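For reference, the structure is listed below as structure tokens.
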Amino acid sequence: MLLLRSESGEQFVLAKVSSVQSFYVGTSDDFDEEIKMTRANKNLMKFLDKRGEQPKKGELIPMKEVEKRLGLKKLGRDS
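As structure tokens, then:
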């Protein structure tokens, strides 16, 4: 895992993902066309339906708690 900080002070976490499933939905600059292509992607729709049926695995952890657990301090910002 890698913590990245932008020039404006925003922080981002870069982490390796072990199993990823991706779906091609086209290259259109037209949002309506992208929606049509996305809805027509049967594999993606099946994946989303299956994913929506799964119970959530635990709760989200607030960023302040993540920083605390990792011993991180916010630099350049008031806490």
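Going by my numbering, the letters in the sequence shown line up with residues 1 to 79, in that order. Yeah, the Cβ is synthetic: ideal placement off N, Cα and C, and Gly gets one too. These figures come from a predicted structure and were not determined experimentally.
- For the pair M45 and G26, the Cα-to-Cα distance works out to about 15 Å.
- The way I'd put it, the region 16-26 does touch the region 42-57; three or more beta-carbon pairs between them come closer than 8 Å.
- Pairing L3 with Q11, the inter-Cα distance amounts to about 7 Å.
- In terms of CA proximity to S18, M1 leads the group M1, F31, S28.
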